[in-house]
Amino acid sequence: MQFAISDRAARAFTAEFYTSLAKDGLIDGAVTEGRLAMRSNVPGSFEWCTPALYMRTGAAGELLQHAPSTSSVQKVEFGSQARDTSPISSGLPPVSAPPQRPLILIRHEAYKQATEQPRPEDSPAFFAGREPLTVPINQTVELEQRDWSNLEAEVKRLAARDGDLRRTFVKRDADIGYYGFPFVPLAVLAGYLAQNRQVHVFEDVSGRFRWDPESDIPPPPLNVDVQSREAGKAARICVSVSALIDLNDCRQVLPDSDVMLDLHFALAKTGRGSVRREDQLKTYAQVIRETLNRHITSNMDPERRPASVHLFASVPVSLAFYLGDALTASWLPECFVYNYGLPSERPRYKWRLSLQAAFEGRRSIKIFK
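For the sequence shown, position 170 matches number 177 in our numbering, and the numbering has no gaps at all.
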């Protein structure tokens, strides 16, 4: 708990947290269920954002494990000799190996379709010889031509509780991958909807969804610039990786007078294809997460805590997904993610998406004219 909470919120969280933990043993899912219980049992309160979970990168989140069956294969050591006590040696019928976890690939398309998909040879450890089930999230019919009149309906379809995306994320007994060509706010929303669910993301590197091999050469650093102001109530977050964010474009939809905190993350040399290694992606995501925690989440002074967060990001899809995950993990007040329009349109940012509103099924899109 990042801050003190009320008894009512604590009871709601505790009951749901331990019920979920006892059911499947996954601590990340238990925290999510506990937070949802706090939100529904203490309406109008933001206490549901107080629980924060930190896990080592790559951790499966399995805190409790079922006791092994007495029929499982065991080896008992006798000095330097090992005696096999498996069912075969004891005369019992052999026990088959446990079935592999299902593998699910989410293909998310919006501004164009993906003609390739991740291949086993590009990620042998993730595929582990399994044939994946593909869950297509195709929004190109309505959004490829950038006709934003259908955007609200498409966001509601994407974020629906009974929709394909959220139903996939709650499958705790499966391994999940995510790739494709969604707009940045939609990829951020996908990461937000995952609710800290461990998801393996792929990036389009040289025309294939894969990662370059890890290297001893450190990736280019993601530089951080922090500026505070006395006026305003909003936090403006700019992430310049694929291209440099122009603050003048941001000011057209969010003037400086509304901003109390500016956080700008930027590579010294931006460009498409800047993120090519998975370790590089995770390093950048960790820098962003720690900066948000330091300057926003951990700020105990309510007068200096932003009332809203506005994200302007020129990033690859994989980092956009991780941004959504970071905004869930560190929790911020209502967060808006912005998207460019056509080059000839003014203002340059044509629409924004509220993550919290989309998650709750409320109207979430604002079109700028």
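In this text, a Cβ means the ideal position worked out from N, Cα and C, and glycines have one as well. What you are looking at is a predicted structure, and each value in this text was computed from that prediction instead of being measured.
Comparing C-alpha distances from residue 273 to each of 286, 322 and 302 shows the shortest one belongs to 322.
Distances from the CA of residue 260 to each of 344, 40 and 174 were compared; the closest alpha carbon is that of 344. In terms of CA proximity to residue 363, 163 leads the group 163, 375, 329 and 144. Secondary structure at residue 363: helix, using DSSP grouped into helix, strand and coil.
Per DSSP, residue 187 is one residue of the beta strand (DSSP E) stretching across 182 to 188.
Counting C-beta pairs closer than 8 Å gives three or more between the region 115 to 134 and the region 206 to 221, which meets the contact rule. Note on the region 136 to 187: whole alpha helix (DSSP H) runs with a minimum of 4 residues are 147 to 150, 158 to 166 and 171 to 176, in chain order. Contact fails between the region 233 to 250 and the region 199 to 208, because fewer than three Cβ pairs, one in each stretch, are under 8 Å apart. Burial is judged here by how many other beta carbons sit within 10 angstroms of a residue's own beta carbon; residue 46 has at least 16 and is buried.
Around the beta carbon of residue 296, 16 or more other beta carbons lie within 10 angstroms, which makes this residue buried. Here the region 240 to 251 makes contact with the region 276 to 289; the two share three or more CB pairs at distances below 8 Å. Following the DSSP letters along the chain, one finds residue 223 in no beta strand (DSSP E), marked with neither H nor E. For residue 252, there is no enclosing alpha helix (DSSP H), as DSSP gives it neither H nor E. For the pair residue 304 and residue 12, the Cα-to-Cα distance works out to about 15 Å. Contact between residue 26 and residue 202 is ruled out by a C-beta separation of about 17 Å, above the 8 Å threshold. In this chain, the beta strand (DSSP E) harbouring residue 230 covers 230 to 235. Annotation: residue 113 to residue 52 spans about 33 Å, alpha carbon to alpha carbon. Excluding residues up to 5 positions away in sequence, 245, 252, 257 and 345 lie with their Cβ nearer than 6 Å to the Cβ of residue 319 in the same chain. Apart from sequence neighbours up to five positions away, the residues of its chain that approach residue 167 with a beta-carbon distance below 8 Å are 173 and 368, ordered along the chain. Following the DSSP letters along the chain, one finds residue 196 in no beta strand (DSSP E) but inside the alpha helix (DSSP H) bounded by residues 191 to 200. For residue 134, the enclosing alpha helix (DSSP H) begins and ends at 131 to 134. Under the 10 Å beta carbon count, residue 316 is surrounded by 16 or more other beta carbons and is classified as buried. 8 Å or more divides the Cβ of residue 229 from the Cβ of residue 193.
Considering only 294, 188 and 237, the residue with the shortest C-alpha distance to residue 267 is 237.
The Cβ atoms of residue 111 and residue 224 do not sit closer than 8 Å to each other.
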